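First comes the structure, then the notes that go with it.
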Amino acid sequence: AGCSAESVVEGWTGPMDGLQDFQLGHGAIEVKSTLAKDGFSASILSLEQLDDSVRKPLFLCACRFSVDPSGVSLPVRIASLKEQMDEATAVVFGFALLHAGYLDAHADLYTRQFVEVSTRYMLIDETFPRLTGGNVPVGVVRAKYEIELDAIDAKECLADAAIEMIGMN
């Protein structure tokens, strides 16, 4: 969506235990994915994950995939991404992949092929259903919960608009 490979790889903080998957510009993007045809239950791992008080705007990117022989395997997708990077960025990307648990040596084990069915960028704001440190009862210090994304009415935008709003264009 107009971002350089270098800035996206540098902003990919998820494998390094970042609060959100991508911290880009002055905002962030949390990515959730599913293979479910119906429903989209997103696991939220902490009170901080959807808290936009530190980085704003914050988006939740919901990606729905299907397993399909005409799709792309993870190793093929990774190779395609690396082709868009200079050598230094590819090294940083490889390091992040290692932290995420992916090893090139195990590429032959990733045989499933995926097709992207849909991708939605939802703005996390005061209308988005979420738990944060600022809206839970006193004494609640930790929580893991699920949000049924197909059941909520969230403010959505296209990837280009989300990238522009976080200051990457």
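Using the numbering used here, the letters of the sequence shown correspond one by one to residues 88 to 256.
Beta carbons: idealized from backbone N, C-alpha and C, even for Gly.
Source: prediction; values computed, not measured.
| Check | Outcome |
| --- | --- |
| For Val202, which three-state DSSP category applies? | strand |
| By the DSSP assignment, the alpha helix (DSSP H) with Lys169 in it spans what residues? | Leu161 to Lys169 |
| Between the alpha carbons of Leu190 and Asp125, how many angstroms are there, rounded? | 32 Å |
| Per DSSP, what are the beta-bridge partners of Lys119 in this structure? | Ala149 |
| Can you tell which of Leu145, Asp155 and Ser128 has its C-alpha closest to the C-alpha of Tyr208? | Leu145 |
| Could you check if Gly188 is buried or exposed, using at least 16 other CB atoms within 10 Å of its CB as the buried criterion? | exposed |
| Can you tell me which residues form a DSSP beta bridge with Glu235? | Ser128 |
| What are the boundary residues of the beta strand (DSSP E) that Phe109 is part of? | Phe109 to Leu111 |
| Determine the burial state of Phe182: buried for a count of at least 16 other Cβ atoms within 10 Å of its Cβ, exposed for fewer. | exposed |
| Got a sec? Which residues, its chain only, sit under 7 Å from Thr218 by beta carbon, not counting five neighbours each side? | For clarity, residue 218 is Leu in the given sequence; the question names Thr instead. The answer, listed in chain order, is Leu134, Ala230 and Tyr232. |
| Is the CB of Ser157 under 8 Å away from at least one CB in chain C? | In summary, chain C is missing from the structure at hand, where a single protein chain is found. |
| Spell out a yes or no on whether the segment 151-164 and the segment 107-115 are touching, meaning 3 or more CB-CB pairs, one atom from each, closer than 8 Å. | no |
| For Arg207, which residues does DSSP report across the bridge? | Ala149 |
| Look up Pro102 in the DSSP assignment and say whether it is helix, strand or coil. | helix |
| Would you grab the beta carbon distance between Leu106 and Gln136 for me? Rounded to a whole angstrom, and I think it's under 8 Å. | 6 Å |
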